[in-house]
Amino acid sequence: MEIYIAAAVVIVAFLYSSIGHGGASGYIAVMALFSVPAFYIKPSALILNLFVAGIAFLMFYRAGYFKLKKLLPFAITSIPFAFLGGLMEINAHVYKIILGVFLLVAISRMFFIPKEKLSISDNPPFTVALFIGAGLGFISGLIGIGGGILLSPILIVFGWATLKEAAAVSAVFIFLNSASGLGGLIVNGIDIHSSLYLFIFAGMIGALAGSYEGSFKFNTVQLRSVLAIVLILACFKLFFN
Numbered sequence: 013m014e015i016y017i018a019a020a021v022v023i024v025a026f027l028y029s030s031i032g033h034g035g036a037s038g039y040i041a042v043m044a045l046f047s048v049p050a051f052y053i054k055p056s057a058l059i060l061n062l063f064v065a066g067i068a069f070l071m072f073y074r075a076g077y078f079k080l081k082k083l084l085p086f087a088i089t090s091i092p093f094a095f096l097g098g099l100m101e102i103n104a105h106v107y108k109i110i111l112g113v114f115l116l117v118a119i120s121r122m123f124f125i126p127k128e129k130l131s132i133s134d135n136p137p138f139t140v141a142l143f144i145g146a147g148l149g150f151i152s153g154l155i156g157i158g159g160g161i162l163l164s165p166i167l168i169v170f171g172w173a174t175l176k177e178a179a180a181v182s183a184v185f186i187f188l189n190s191a192s193g194l195g196g197l198i199v200n201g202i203d204i205h206s207s208l209y210l211f212i213f214a215g216m217i218g219a220l221a222g223s224y225e226g227s228f229k230f231n232t233v234q235l236r237s238v239l240a241i242v243l244i245l246a247c248f249k250l251f252f253n
């Protein structure tokens with residue numbers, strides 16, 4: 013079973029890292045599909061996020077797409093709130109439904125953005141970004157994701173980042189939130205799957221290939237299509253898991 017999970021992790025990591033995401037929602041779905049015990053899933057997904065998002069950031073940074081001003085206001089509040097979310101143990105079903113609806117709206121909105129506008133951006137308003145970062149951080153820690161599936165469409169729809177800038181910012185955002193959320197889990201105690209090292213290796217292989225394609229090869233239209241596919245998969249997971 014572990015080999016099949018690892019193979020799926022390679023695919024998920026490739027797809028998600030190509031748009032600067034860590035893939036937590038995908039890993040959660042894969043592990044749930046293979047009946048991995050629930051107490052392994054959340055910490056495993058966050059740890060995989062650290063490696064995959066970290067590699068994705070390095071690739072997009074090397075390609076010149078990272079802009080600190082687009083990350084900083086979101087990160088300031090998201091990190092402590094992700095830690096708080098990680099501390100909480102509640103039924104997050106309602107939150108998942110709300111997030112799924114939000115993502116569907118964001119996907120629809122993205123396809124009405126003219127191609128030329130996907131290549132220009134302004135910096136996000138600092139105060140607004142602080143509030144958004146707090147909300148995204150808390151939700152990320154609560155349900156065990158890095159928050160990139162939420163931040164990317166916000167940045168793009170409001171014109172605060174181009175597609176590749178959003179990928180670079182999201183990768184760091186995911187890394188920081190995953191680390192913070194994992195810290196919250198560690199406080200309460202976590203269980204590590206015996207094959208996690210295999211999954212990490214698989215994730216790194218997928219991330220190296222995917223983030224290279226996303227940062228250096230994919231054009232704007234291709235990247236938007238991949239992002240839409242990932243967001244739709246995330247919606248499906250949120251609604252039906």
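Residue numbers (the working numbering): 13 to 253. Ideal placement from N, C-alpha and C gives every residue a C-beta, glycine not left out.
Distance between beta carbons of ALA221 and PHE63, contact taken as under 8 Å: Contact between PHE63 and ALA221 fails: their C-beta atoms lie close to 14 Å from each other, not under 8 Å.
Output the residue ranges of the alpha helix (DSSP H) runs that lie fully inside the stretch 156 to 241 and measure 4 residues or longer, sorted by chain position. 160 to 169, 175 to 200 and 208 to 224
Just to confirm the assignment: which complete alpha helix (DSSP H) runs, minimum length 4, are found wholly within the stretch 49 to 76? Entirely contained in the stretch 49 to 76, the alpha helix (DSSP H) runs reaching 4 residues are, in chain order, 50 to 74.
Neighbourhood of GLY195 by C-beta, 8 Å cutoff - its chain only, sequence neighbours within 5 removed: PHE95 and GLY98
Drop a sphere of 10 angstroms on the beta-carbon of ASN189, count the other beta-carbons inside from all chains shown, and report buried for 16 or more, exposed for fewer. Burial call: buried.
Using three-state DSSP, classify PRO137 as helix, strand or coil. coil
For GLY218, which residues in the same chain have their Cβ closer than 6 Å to its Cβ, ignoring the five residues on either side in sequence? VAL22, ALA25 and PHE26
Decide if the stretch 79 to 93 is in contact with the stretch 139 to 149; the criterion is three or more beta carbon pairs, one per stretch, under 8 Å apart. yes
Across the stretch 166 to 182 and the stretch 29 to 44, are there enough close Cβ pairs to call them in contact, namely three or more that are closer than 8 Å? yes
Distance between ILE212 and ALA20 (C-alpha atoms, nearest Å): 12 Å
Between the alpha carbons of PRO49 and LEU58, how many angstroms are there, rounded? Cα-Cα distance, rounded: 15 Å.
Return the Cβ separation of ILE198 and GLY34 in integer angstroms, given the expectation that the two are a contact with Cβ distance under 8 Å. Not confirmed; about 18 Å, so no contact.
In whole angstroms, what is the alpha-carbon distance linking PHE75 and ILE241? According to the sequence shown, residue 75 is Ala rather than Phe. Taking the straight line from one Cα to the other gives about 23 Å.
With DSSP as the reference, label SER37 as helix, strand or coil. Note: SER37 maps to helix in three-state DSSP.
What distance in whole Å lies between the Cβ atoms of ILE40 and GLY193, which are believed to be in contact at a cut-off of 8 Å? Their Cβ separation, rounded to whole angstroms, is 13 Å, which puts GLY193 and ILE40 out of contact at 8 Å.
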